[in-house]
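Protein chains in written order, with the numbering used here: chain A, 1 to 191; chain B, 1001 to 1172.
Structure follows, in structure tokens:
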């Protein structure tokens, strides 16, 4: 299945959440579906999208936070999965698009192409609600359930190693940064 | 010679007075009392890290979500997190208050710490990060307040080095 189709399938749900994506195809594809002020694209510091999401989730416990990550990025911060599990904010969801490659630099295979299992690693790190999905309907159901569930959840979606024609976004990273900060004001209060 | 509980309390109270609500930390000997104070404070969000660079991400997320934060780490932890500091905190203009234990400097008896001590100040300078030394207990609150003010005004990392003079019980 294609990452962009997965994003489109859950876009309406994402639109209500604070979303932190890592760089590359996932950022451009989400942007192409419709940028919102509550979407933040981390264009560097690979591995730290999940740490940023943890910071937002802990600072605003009544805000639903979704981190959208890639296999290359998660592999750079496996230890961070143990930190996510340790604090387990119920308002945080970690979606990982695993195309088994570092796509935007030319498509070099990552370790998930030779058997490393990110959902398995997440479970072993202590994130009990972690699973791998391979079909679009399966992804839609799992991702929606993960976002809705009042517990930390991780969904690893196996996707094709394809991306957008261009990796350019008409949004400077600083413009995005200030807009996102403003969009998170004020912190939501419990219903 | 023990780590100073009194100085640790001064530093912790200064962080509170500066409005810090989120502390990311990776322990080392000099930081144990500070971290315990954060842990025992129900009003403080303490995140114990597996690796220091995570704290840069956590602080960035907390800042964008409206909460002031601080990192507690050894100088080697600072060195570990350099790419995150450059490509997240500096690139995205995040006020990152870093309290860094000043290992490997004058008085360091542990051979394995000594190389990092030589690198800490030059690397801070190379990154253009303003740094101050916390040495006089009577100045801690003011220095922490000023470091936070600068971090927020400049939207950039600011370093406070926790010196041996401050963090260890004085010799008689």
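We put the beta carbon where it would ideally sit given N, CA and C, even for glycine.
| Asked | Found |
| --- | --- |
| Residue ranges of each alpha helix (DSSP H) within the segment 1029-1066 of chain B, 4 or longer | 1032-1040, 1052-1064 |
| Exposure of residue 1102(B), with buried meaning 16 or more beta-carbon neighbours within 10 Å | buried |
| Own chain residues within Cβ distance below 7 angstroms of residue 1150(B), not counting five before or after | 1130, 1158 |
| Cβ-based neighbour list, residue 1063(B), same chain, cut-off 7 angstroms, excluding 5 preceding and 5 following | 1069, 1094, 1095 |
| Cα-Cα separation, residue 92(A) to residue 121(A) | 18 angstroms |
| Status (buried if at least 16 other CB within 10 Å, exposed otherwise) for residue 41(A) | buried |
| Short CB-CB distance (under 8 angstroms) between residue 1129(B) and chain A | no |
| Contact set for residue 75(A): own chain, Cβ-Cβ below 7 angstroms, skip 5 residues either direction | 110, 111 |
| Three-state class that DSSP yields for residue 1009(B) in the structure shown | helix |
| Minimum Cβ-Cβ distance from residue 1052(B) to chain A less than 8 angstroms | no |
| Members of the segment 32-45 of chain A near chain B, C-beta cut-off 9 angstroms | 40, 42, 43, 44, 45 |
| Local Cβ density within 10 Å of residue 71(A), reported as buried at 16 or more and exposed below that | buried |
| Beta-carbon separation (whole angstroms), residue 1160(B) vs residue 1132(B), contact threshold 8 angstroms | 6 angstroms |
| Beta-carbon proximity of residue 1044(B) to residue 1059(B), cut-off 8 angstroms | no |
| Any chain A beta carbon closer than 8 angstroms to residue 1087(B) | yes |
| Local conformation of residue 6(A) per DSSP, three classes | helix |
| With 16 other Cβ atoms within 10 Å as the buried cut-off, status of residue 1172(B) | At residue 1172(B), the pLDDT of 44 sits below 50, so the modelled position is not reliable; the number obtained from the coordinates is stated separately. The residue is exposed, with fewer than 16 neighbouring Cβ atoms inside 10 Å. |
| For residue 70(A), three-class secondary structure by DSSP | strand |
| Any chain B beta carbon closer than 8 angstroms to residue 92(A) | no |
| Minimum Cβ-Cβ distance from residue 167(A) to chain B less than 8 angstroms | no |
| Endpoints, beta strand (DSSP E) assigned at residue 131(A) | 130-133 |
| DSSP three-state assignment for residue 179(A), whether helix, strand or coil | helix |
| The beta strand (DSSP E) enclosing residue 92(A), as first and last residue numbers | 92-98 |
| Spatial distance of residue 1169(B) from residue 1117(B) (CA atoms) | 21 angstroms |
| Residue 1007(B) versus residue 176(A): straight-line alpha-carbon distance, rounded | 40 angstroms |
| Short Cβ contact (8 angstroms threshold) for residue 94(A) with residue 84(A) | yes |
| CA-to-CA distance, residue 30(A) to residue 180(A), given in whole angstroms | 15 angstroms |
| Exposed unless 16 or more other CB atoms sit within 10 angstroms - verdict on residue 1112(B) | exposed |
| Bridge partner(s) assigned by DSSP for residue 1074(B) | 1101(B) |
| Supposed close pair residue 1028(B), residue 1074(B) - CB separation, criterion 8 angstroms | 4 angstroms |
| Residue 3(A) classed as buried or exposed, judged by whether at least 16 other C-beta atoms fall within 10 angstroms | buried |
| 8 angstroms Cβ cut-off: residues of chain B touching residue 82(A) | 1050 |
| Those residues which DSSP pairs with residue 1069(B) across a bridge | 1022(B) |
| Partners in chain B for residue 177(A), counting only beta-carbon separations shorter than 8 angstroms | 1064, 1092, 1093 |
| Chain B contact for residue 120(A) (CB, 8 angstroms cutoff) | no |
| Local Cβ density within 10 Å of residue 164(A), reported as buried at 16 or more and exposed below that | buried |
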